[in-house]
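>
2 protein chains.
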Amino acid sequence: MNLDQYRHLFPELEEPLRRELQEKGRIVEAKTGQVLLQTGQNIRNTIIVLEGLVKLFREDDQGDEFFMYHLEPGDGCALSLICDRSHHASAVTAKAVTDAILLVVPVEHTENWMRQYRTWYHFVVGTYRKRYLELLETIDSIAFHNMDERLEFYLRRHRDTLGTNVLQLTNTEIAQELNSSREVISRLMKKLSEAGKVRLLKNGIEILRL
Amino acid sequence: MNLDQYRHLFPELEEPLRRELQEKGRIVEAKTGQVLLQTGQNIRNTIIVLEGLVKLFREDDQGDEFFMYHLEPGDGCALSLICDRSHHASAVTAKAVTDAILLVVPVEHTENWMRQYRTWYHFVVGTYRKRYLELLETIDSIAFHNMDERLEFYLRRHRDTLGTNVLQLTNTEIAQELNSSREVISRLMKKLSEAGKVRLLKNGIEILRL
DNA sequence: CAGAAGCCGTGACATATATCACAGCAGGGA
DNA sequence: TCCCTGCTGTGATATATGTCACGGCTTCTG
Numbered sequence: 003m004n005l006d007q008y009r010h011l012f013p014e015l016e017e018p019l020r021r022e023l024q025e026k027g028r029i030v031e032a033k034t035g036q037v038l039l040q041t042g043q044n045i046r047n048t049i050i051v052l053e054g055l056v057k058l059f060r061e062d063d064q065g066d067e068f069f070m071y072h073l074e075p076g077d078g079c080a081l082s083l084i085c086d087r088s089h090h091a092s093a094v095t096a097k098a099v100t101d102a103i104l105l106v107v108p109v110e111h112t113e114n115w116m117r118q119y120r121t122w123y124h125f126v127v128g129t130y131r132k133r134y135l136e137l138l139e140t141i142d143s144i145a146f147h148n149m150d151e152r153l154e155f156y157l158r159r160h161r162d163t164l165g166t167n168v169l170q171l172t173n174t175e176i177a178q179e180l181n182s183s184r185e186v187i188s189r190l191m192k193k194l195s196e197a198g199k200v201r202l203l204k205n206g207i208e209i210l211r212l
Numbered sequence: 003m004n005l006d007q008y009r010h011l012f013p014e015l016e017e018p019l020r021r022e023l024q025e026k027g028r029i030v031e032a033k034t035g036q037v038l039l040q041t042g043q044n045i046r047n048t049i050i051v052l053e054g055l056v057k058l059f060r061e062d063d064q065g066d067e068f069f070m071y072h073l074e075p076g077d078g079c080a081l082s083l084i085c086d087r088s089h090h091a092s093a094v095t096a097k098a099v100t101d102a103i104l105l106v107v108p109v110e111h112t113e114n115w116m117r118q119y120r121t122w123y124h125f126v127v128g129t130y131r132k133r134y135l136e137l138l139e140t141i142d143s144i145a146f147h148n149m150d151e152r153l154e155f156y157l158r159r160h161r162d163t164l165g166t167n168v169l170q171l172t173n174t175e176i177a178q179e180l181n182s183s184r185e186v187i188s189r190l191m192k193k194l195s196e197a198g199k200v201r202l203l204k205n206g207i208e209i210l211r212l
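Protein chains in written order, with the numbering used here: chain A, 3 to 212; chain B, 3 to 212.
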């Protein structure tokens, strides 16, 4: 398989680095719903999304999940970008939301790239900055807002990332990802619907204005 | 003023970079309670703590604050480490908890250092990684835990960072930083006291076992 | 078709947390 | 001394959210 077709995702990377990515990396396909990285699992590879959509979750000891953010094509998993040979345990869980294609590079190589390629550490630093800011927004939503606003924030992020007004999500899923309960989401969804902000479809939600 | 006395804080930095820090940076003193960086303010300087303790907050539009984490001597403010000349607006507020001494370097210089000095970008990347993980823990505490556990987490962090079992904090302060209310903290504190986990002093809290 | 599984909606209730009202206590300054 | 300020404690109450119990609706599968 060839990385050239994904060239547009990384316009800034220099040629030699591009060749290394092609040589050292494997291109892997993932099915919808597949877990790419499990909390606690050792990180041996840097993961970069080429196609499809990946969700990152924080997990607690009881297996509850909390949605952090999406990775889109061109995005790398921040934590997996900085790993020395000690193979840190992952602090997050990553799941494919759609069928996805990933670039997987053993951390032995990416560690060296940090020294060799200026554009690589720009990529790494840029990724951290972006995700750090995204976490801040996530903190805002839980620290300062009630569940109704958190739900709206959740829906907006999904609409923006997926680029569609129709979200194929069940209330049960949403409840898990917001660490709430199905019943609560159900009632709030009804309110949103009555307020004309969404329309409830038979298997999904259409966002009208949010 | 001289940076040499803080040499031990940055054992890994190479000599030329150390000299640049000395030349380009200013050493600034801050009083207890002083606001070093305000949400929304443009970031013109990279800030590194040399002495004392600094608290970082996330702020919402109504002026409510939410405690994120501490900066200790040797720590840099993550967001201020990556700033180009566009002078991004700060996403956080920083306050001195004690009298503090800071190293302040205009971002024009640090931007170049990213390219010139390997140890500098190691410092930057390490800082981001550390703070990212710290934010994840903060998210855990709000997403998965009730206020009583959040309070314990808050107290533990303060004990560990300050290195003392006696915290000079008022319930009012704690309530603000957890985005709760004084009365709630007061009641929970009573419970902690009854459980023998803390002792309430006349102006502070002594942590017995947490 | 029958039954199972998964989803949804909803009323009743429990609990955590926020808010309000008020009183007490200590310290500082006029 | 007296007042003011800031902190604390606590009961009463309101609100948001979580939990339980139930029934109804699809869809799948044997």
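For each residue, glycine too, the CB sits at the ideal point set by N, CA and C.
Quick caveat: nothing in here was measured; it's all calculated off a predicted structure.
1) Consult DSSP for HIS147 (chain B) and reduce its assignment to one of helix, strand or coil.
2) Could you give the DSSP three-state label for GLY206 (chain B): helix, strand or coil?
3) Applying the criterion that 16 or more other CB atoms from any shown protein chain within 10 Å of the CB defines a buried residue, is LYS192 (chain A) buried or exposed?
4) Please check if any C-beta of chain B sits within less than 7 Å of the C-beta of LEU73 (chain A).
5) Does PHE155 (chain B) have its Cβ less than 7 Å from a Cβ in chain A?
6) Closest to ILE84 (chain A) by CA distance: which of A:LEU203, A:HIS124, A:ILE144 and A:THR166 is it?
7) Report yes if the CB atom of PHE69 (chain B) is closer than 7 Å to the CB atom of THR95 (chain B), and no otherwise.
8) My parser needs the beta strand (DSSP E) runs of 3 or more residues fully inside the stretch 61-113 of chain A; what are they?
9) Which class does ARG57 (chain A) belong to by DSSP, given the choice of helix, strand or coil?
10) Considering only the beta carbon of each residue, do LEU212 (chain A) and GLU154 (chain A) sit closer than 7 Å?
11) Compute the Euclidean distance between the alpha carbons of ASN148 (chain A) and TYR119 (chain A), then round it to the nearest angstrom.
12) If I measure Cβ to Cβ from ALA93 (chain A) and keep anything under 8 Å in the same chain, skipping five residues before and after, which residues do I get?
13) Pull up the distance between the alpha-carbon of VAL126 (chain B) and that of ASN47 (chain A), whole angstroms please.
14) If we count Cβ pairs, one from each stretch, closer than 8 Å, do we get three or more for the stretch 159-176 of chain A versus the stretch 199-209 of chain A?
15) What does the alpha-carbon distance come out to for the pair PRO108 (chain A) and LYS26 (chain A)?
16) Is there a Cβ of chain B sitting closer than 7 Å to that of LEU137 (chain A), yes or no?
17) Helix, strand or coil, according to DSSP, for GLU31 (chain B) in the structure here?
18) Identify every residue that forms a DSSP beta bridge with ASN44 (chain A).
19) Could you give the residue range of the alpha helix (DSSP H) that holds LEU23 (chain A)?
20) By DSSP's criteria, VAL168 (chain A) is part of a beta bridge. Which residues make up the other side?
21) Closer than 7 Å, Cβ to any Cβ of chain A: which residues of the stretch 178-195 of chain B, in chain order?
22) Which residue comes first and which comes last in the alpha helix (DSSP H) that contains LEU194 (chain A)?
23) Looking at the structure shown, is LEU138 (chain A) part of a helix, part of a strand, or coil, going by DSSP?
24) Hey, would you say ASP150 (chain A) sits closer than 7 Å to LEU190 (chain A), going by beta carbons?
25) Within its chain, find whatever has a CB closer than 6 Å to the CB of LYS97 (chain A); leave out the 5 residues flanking it on each side and keep chain order.
26) What is the C-beta distance between LYS33 (chain A) and ASP142 (chain A), in whole angstroms, given that I count them as a contact (C-beta under 8 Å)?
27) Could you check what DSSP says for LEU5 (chain B) in three-state terms: helix, strand or coil?
28) For ILE176 (chain B), write down the residues that DSSP places opposite it in a beta bridge.
Straight from the coordinates:
1) Here HIS147 (chain B) sits in coil by DSSP.
2) GLY206 (chain B) falls in the strand class under three-state DSSP.
3) Note on LYS192 (chain A): under 16 other CB atoms within 10 angstroms of its CB, so exposed under the neighbour-count rule.
4) LEU73 (chain A) does not count as touching chain B.
5) Cβ-Cβ to chain A under 7 Å: no for PHE155 (chain B).
6) Closest by C-alpha distance to ILE84 (chain A), out of A:LEU203, A:HIS124, A:ILE144 and A:THR166, is A:HIS124.
7) Their beta carbons are not under 7 Å apart, which means PHE69 (chain B) does not touch THR95 (chain B) by this criterion.
8) If we require 3 residues or more, the beta strand (DSSP E) runs fully inside the stretch 61-113 of chain A come out as 67-73, 95-98 and 102-108.
9) Reading the sequence as shown, one finds Lys at residue 57 (chain A) and not Arg. In the structure shown, the three-state DSSP call for LYS57 (chain A) is strand.
10) Taking 7 Å as the Cβ cut-off, LEU212 (chain A) and GLU154 (chain A) qualify as a contacting pair.
11) Those two C-alpha atoms are separated by around 45 Å.
12) Excluding residues within five positions, the ones whose Cβ falls inside 8 Å are THR41, ARG60 and LEU81.
13) Approximately 22 Å, taken between the alpha carbons.
14) With the cut-off at 8 Å, the stretch 159-176 of chain A and the stretch 199-209 of chain A touch.
15) One C-alpha to the other measures close to 8 Å.
16) Yes - at least one Cβ of chain B is within 7 Å of the one on LEU137 (chain A).
17) Strand at GLU31 (chain B).
18) ASN44 (chain A) pairs with A:ALA91.
19) Here the alpha helix (DSSP H) through LEU23 (chain A) covers 17-26.
20) VAL168 (chain A) is bridged by DSSP to A:GLU208.
21) Result list: ASN181.
22) Taken as a continuous stretch (DSSP letters only), the alpha helix (DSSP H) holding LEU194 (chain A) covers 184-196.
23) The answer is helix: DSSP assigns LEU138 (chain A) an H, G or I state.
24) Note that the C-beta distance between ASP150 (chain A) and LEU190 (chain A) is below 7 Å.
25) The beta carbon of LYS97 (chain A) sits closer than 6 Å to the beta carbons of VAL37 and LYS57 from its chain, once the five residues preceding and following it are set aside; these are given in chain order.
26) Their Cβ separation, rounded to whole angstroms, is 33 Å, which puts LYS33 (chain A) and ASP142 (chain A) out of contact at 8 Å.
27) DSSP places LEU5 (chain B) in coil when its eight states are reduced to three.
28) Looking at the DSSP assignment, ILE176 (chain B) forms no beta bridge with any residue, so it has no partner.
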